[in-house]
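In this note's numbering, the protein residues as written are 185 to 390. Virtual Cβ for every residue (Gly too), placed ideally from N, Cα, C.
Right, dumping it as structure tokens:
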């Protein structure tokens, strides 16, 4: 598939990465997070990709505001389907529960929309702190994160999952590393030495 061969700009680094790259940003500094994520989203808009952001700690309107404060030309969501900001909890748990299989299906549908609507690529980024509220099924988040890697092979979009190290405990953060092939360190994408294959990770949790 031609889309899997495309190399995309991340915005916060000069290096380009193939579509289907799954990264984690583990952070403890809000300014650093906004800088990295803002540049990631801006690069997608500049490359005319379909871009989606799943907000949790602030409302979607506040996300738009901080992107504009960074000097990013943010299109109004009502003007284009190419850029959307939604509430993370409603995106991951539309019926009040988290089901990995359902969210993986939504990712596949997002990629289908990217292709059907003629975009050169798609990218998403989500704040994962919604999973700390005890929502039914949220204990399966790491299983979902592991299986995302298989989905992105056949439905290649670029994804950054955001984890606040001040909120998640050390055990979860270590699992986060196990399920993301790439991690962002000081604004650079590096191959994650802790990553293990999806089926291995899922089996280890059974």
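- Residue 296 has its alpha-carbon roughly 20 Å from the corresponding atom of residue 328.
- Boundaries cannot be given for residue 260, as no beta strand (DSSP E) includes it and DSSP labels it neither H nor E.
- Secondary structure at residue 202: strand, using DSSP grouped into helix, strand and coil.
- In the DSSP assignment, residue 324 falls outside any alpha helix (DSSP H) and carries neither an H nor an E.
- The beta carbons of residue 218 and residue 250 sit about 6 Å from each other, so the pair counts as a contact at 8 Å.
- No Cβ-Cβ contact shorter than 7 Å links residue 276 with residue 234.
- Assignment of residue 335 by DSSP, reduced to helix, strand and coil, places it in the helix class.
- For residue 215, the closest C-alpha among the options 383, 371 and 389 is that of 371.
- Inter-residue distance for residue 197 and residue 229 is about 16 Å (C-alpha atoms, whole angstroms).
- Under the three-state reduction of DSSP, residue 359 is assigned to helix.
- In this structure, residue 316 lies away from residue 382, with their beta-carbon atoms at least 7 Å apart.
- A contact is defined here as three or more CB-CB pairs under 8 Å, and the region 191-210 fails this definition with respect to the region 279-286.
- Under the DSSP definition of a beta bridge, residue 310 partners with 238 and 345.
- In the three-state scheme derived from DSSP, where H, G and I count as helix and E and B as strand, residue 275 is classed as helix.
- Cβ contact annotation for residue 362 (same chain, cutoff 6 Å, sequence separation greater than five): 378, 380 and 385, in chain order.
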